[in-house]
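*Asks:* Mind having a look at this structure? Questions to follow.
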Amino acid sequence: MKPYTEKLGIKLWAEADRPREKLLLNGRRHLTDAELIAILIGSGNKNETAVDLSKRVLLFYNNDLDALGKASVKDLSKFKGIGGAKAISIVAALELGRRRKETEGRDVVKVFSSKDAFEALIPVFADLNHEEFWILILNQANYIIGKQLISKGGMAGTVADPKVIFKTALEHNATSIILAHNHPSGNLKPSAQDLSITKKMVEAGKMLDLPVLDHLIVTNKLFFSFGDEGLI
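Right, dumping it as structure tokens:
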């Protein structure tokens with residue numbers, strides 16, 4: 001007689017061990033990351049429960065939800081047992097979590113320093129694996145009255161058109177602006193192109209009486225300020 005090795009499906013588990021029932025009985029904070037993901041994907045495959053499959057996915061990303069949050073539908077669909085629909089559910093849930101972080105600071109923010117600008121911008125750059133260029137739009141009192149995406153590109157860079165930047169700023173009645181773009185590589189050192197566009201933007205801002213207060217290069221946790229480094 002062959003040894004019994006087949007894994008029990010979630011429906012055959014004790015009720016307290018099933019992720020959905022566990023959430024209802026004990027609350028969401030009692031579930032592990034794998035159990036929460038298992039609820040999203042609903043089912044595993046013939047060899048794994050949904051929880052086992054979720055653990056395997058998490059292990060691939062070193063149990064780092066930030067790293068998982070950067071995964072695309074295509075990336076997740078490569079795991080056996082996760083098709084397009086399940087991958088979409090995971091990506092959508094993690095995106096909602098990212099947006100929740102963004103809405104935490106919806107009170108009007110006044111910019112006193114480069115750190116204030118960074119904290120206002122980090123939600124829009126979180127989890128990006130491509131480069132984007134944004135501007136912070138400020139009023140006379142240095143309160144943030146808007147954030148605008150100017151352009152997006154690939155891993156290597158994006159193009160920031162001064163005409164688009166100042167047109168956008170003027171349409172939103174900006175008194176001054178702060179430039180920002182991310183480096184997905186994590187390298188904070190400004191490139192020659194970064195230095196060139198910053199100089200060009202500062203000069204154009206002076207002509208239009210719409211000063212460029214700073215330019216930030218952003219990674220997931222750190223930033224480089226042209227203003228702090230005396231480059232503006």
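Going left to right, the sequence shown walks through residues 1 to 232 as UniProt numbering numbers them.
Note that beta-carbon positions come from the ideal geometry of N, C-alpha and C, so glycine has one too.
#1: Starting from Leu216, follow its DSSP beta bridges and name the residues at the other end.
#2: Report back the beta-carbon spacing between Leu136 and Ala117 to the nearest angstrom; my notes put them in contact at under 8 Å.
#3: Does the segment 77–94 come within contact of the segment 175–186, defined as at least 3 CB pairs closer than 8 Å?
#4: Give the straight-line distance between the Cα atoms of Leu222 and Lys46, rounded to the nearest whole angstrom.
#5: Enumerated in chain order, which unbroken segments of the alpha helix (DSSP H) with a length of 4 residues or greater are wholly contained in the segment 16–81?
#6: Which residue or residues does DSSP assign as beta-bridge partners of Ser185?
#7: Just verifying my parser: in three-state terms, what is the DSSP assignment at Pro3?
#8: Could you give the distance in angstroms between the alpha-carbon of Glu203 and the alpha-carbon of Gly186?
#9: Indicate the three-state DSSP secondary structure (helix, strand or coil) for Phe133 in the structure shown.
#10: I need the straight-line Cα distance from Asp194 to Asp66, nearest angstrom please.
#11: Taking only three categories from DSSP, how would you classify Leu231?
#12: Within the continuous alpha helix (DSSP H) that includes Leu195, where are the two ends?
#13: For the beta strand (DSSP E) containing Lys167, list its first residue and its last residue.
#14: Which residues does DSSP pair with Lys110 in a beta bridge?
#15: Could you tell me the distance, in whole angstroms, from the CA atom of Asn139 to the CA atom of Ile150?
#16: Buried or exposed: which applies to His215, given that a residue is buried once 16 or more other Cβ atoms fall within 10 Å of its Cβ?
#17: State buried or exposed for Ala169, treating a residue as buried only when at least 16 other CB atoms are found within 10 Å of its CB.
#18: Would you tell me roughly how many angstroms separate the C-alpha atoms of Ser225 and Lys189, rounded to the nearest one?
#19: Given this structure, state the Cα-to-Cα distance separating Asn26 from Leu231, to the nearest angstrom.
#20: Please determine whether the Cβ atom of Pro123 lies at a distance below 7 Å from any heavy atom of the ligand HEM.
#21: Using CA atoms only, rank isn't needed, just tell me which of His172, Lys22, Val218, Pro162 is closest to Lys206.
#22: So, with DSSP's three-state summary, where would you put Leu128?
*Replies:* According to the structure data:
#1: Ala180, Ser225
#2: 6 Å
#3: no
#4: 43 Å
#5: 19–26, 33–41, 50–60, 65–69, 73–76
#6: Note: Ser185 sits in no beta bridge, so no partner.
#7: Note that Pro3 has pLDDT 45, beneath the 50 cutoff, so the model's placement of it is unreliable and no number is given.
#8: 28 Å
#9: strand
#10: 27 Å
#11: coil
#12: 192–208
#13: Counting along the chain, Lys167 falls outside any beta strand (DSSP E), though it belongs to the alpha helix (DSSP H) covering 162–171.
#14: Tyr143
#15: 19 Å
#16: buried
#17: buried
#18: 10 Å
#19: 54 Å
#20: Here there are no bound small molecules, and the ligand HEM is not part of this structure.
#21: Pro162
#22: coil
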